[in-house]
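The structure appears below as structure tokens.
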Ligand SMILES: Cc1ncc(COP(=O)(O)O)c(C=O)c1O
């Protein structure tokens, strides 16, 4: 691995080696992560990184685009077929810029957006005061019902009718349940709002048809291509044909600069791979594993937000165990299990502390972990929670975690050898 970098800059080459080693020996359970297939790694590092292009196939601003044009057209065909979409734009650099492209396409400064609260599962780019979009647009927020911890669709509908937003956004970073797109689409239609779904987290599950797709219901569907889609660090946007021109214009020149053809090539490969039986089976197992982990942790007395999960992630309320999200995140990190602290709905703690953690099952499932291993992970997590600052306990848990994950290589043996 890194044959040339090792010669010219051993320092950065060593850091890459250390990170590979960390991922190999840790149980990675950050819900927004996945393991990029080797083909995605190869294509992301391919000569397409040298090509500067702006515009669209047949309408470029630079010469030498014939081959790159073929890539973008192939990506379109594959992506539309895979997701059953009328139109796709795959120029986005990430899930965040995918959202910005849609805003640039159809909104004007001062327009109102109705989106999910950040502290109940939404995303920064949907209008958090910490994100620049909050300076441009006005935001109102819906959330979950206190009892069920599922989206309160009646309250959303009522708010939409009072506030008359120009856009309603569904989709979240830490919502473990299916979303009733049809219902939100109806509300959007009634108030004359655009309906945008941000499926950044669940795109892989949608592509594999393991959970329902928002594409038939939404005007725009945005996504990251990392997370469950398991591809390059990049983005994509789908829309109805009637918005194709406006989306493309809002993407380039509206909000992006020159294209990243190396990640576009990697996404093109992934649009083919995501249609395979292998990918389908992994995605199906991701959900089985998430549900198994929820069930096992509940058996140890952890409270699972909303009572379970329908997708790749779960949010765990730690208050019953008398620990915070920060304490649990750090203790798990010390034993080689990587998760992130996360607000639970109506969390009494500050965002820097939190009462919960978010756990994702994509990476471990890609490595081949199934129910028996998930049972073991839940047991280790419980042992950590019982004494999160006891060093002997953490050392014993680390041994268990290492013994488990060492049987499931991150990449095939020799994959990165020169
Ligand atoms: C719902 C949602 N949208 C957008 C994003 C941003 O995606 P990216 O990190 O690819 O910019 C995230 C990232 O976690 C997300 O959870």
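Residue numbers (the numbering used here): 474 to 891. A virtual CB, placed ideally from N, CA and C, is assigned to each residue, including glycine.
For residue j and residue i, the rounded distance between their alpha carbons
i: residue 590; j: residue 779; result: 16 Å
i: residue 677; j: residue 720; result: 23 Å
i: residue 794; j: residue 612; result: 36 Å
i: residue 833; j: residue 808; result: 17 Å
i: residue 583; j: residue 628; result: 23 Å
i: residue 884; j: residue 570; result: 30 Å
i: residue 867; j: residue 804; result: 7 Å
i: residue 823; j: residue 608; result: 23 Å
i: residue 820; j: residue 634; result: 28 Å
i: residue 711; j: residue 814; result: 31 Å
i: residue 637; j: residue 844; result: 46 Å
i: residue 498; j: residue 796; result: 26 Å
Local Cβ density within 10 Å of residue i, reported as buried at 16 or more and exposed below that
i: residue 742; result: buried
i: residue 602; result: exposed
i: residue 798; result: buried
i: residue 724; result: buried
i: residue 495; result: exposed
i: residue 842; result: buried
i: residue 862; result: exposed
i: residue 480; result: exposed
Among the options, the one whose alpha carbon lies nearest that of residue i
i: residue 716; options: 669, 679 and 696; result: 669
i: residue 430; options: 560, 535, 817 and 843; result: With the chain running from 474 to 891 in the structure shown, residue 430 is simply not present.
i: residue 667; options: 685, 713, 708 and 793; result: 713
i: residue 686; options: 697, 699, 782 and 672; result: 672
i: residue 839; options: 763, 803 and 864; result: 763
i: residue 682; options: 851, 881, 532 and 751; result: 751
i: residue 776; options: 606, 539, 622 and 547; result: 622
i: residue 523; options: 769, 738, 689 and 825; result: 738
i: residue 771; options: 792, 642 and 718; result: 792
i: residue 572; options: 822, 630 and 605; result: 605
i: residue 689; options: 674, 663, 657 and 718; result: 657
Residue i vs residue j beta-carbon contact at 8 Å
i: residue 502; j: residue 810; result: yes
i: residue 578; j: residue 722; result: yes
i: residue 740; j: residue 701; result: no
i: residue 632; j: residue 615; result: yes
i: residue 766; j: residue 851; result: yes
i: residue 876; j: residue 853; result: no
i: residue 595; j: residue 645; result: yes
i: residue 625; j: residue 617; result: yes
i: residue 641; j: residue 660; result: yes
i: residue 511; j: residue 489; result: no
i: residue 837; j: residue 802; result: no
request  = Mind the definition here: the segment 744-755 touches the segment 545-559 only if three or more C-beta pairs lie below 8 Å; say whether that holds.
outcome  = yes
inquiry  = Check whether the segment 720-735 and the segment 515-533 touch, using three or more Cβ-Cβ pairs below 8 Å as the test.
reply    = yes
task = Would you be able to state if there are at least three C-beta pairs under 8 Å between the segment 856-863 and the segment 492-508?
result = no
query = Is it true that the segment 775-789 meets the segment 648-659, where meeting means three or more beta-carbon pairs spaced less than 8 Å apart?
reply = yes
message = Under 8 Å, with one C-beta from each stretch per pair, do the segment 703-710 and the segment 592-600 reach the 3-pair mark?
response = no
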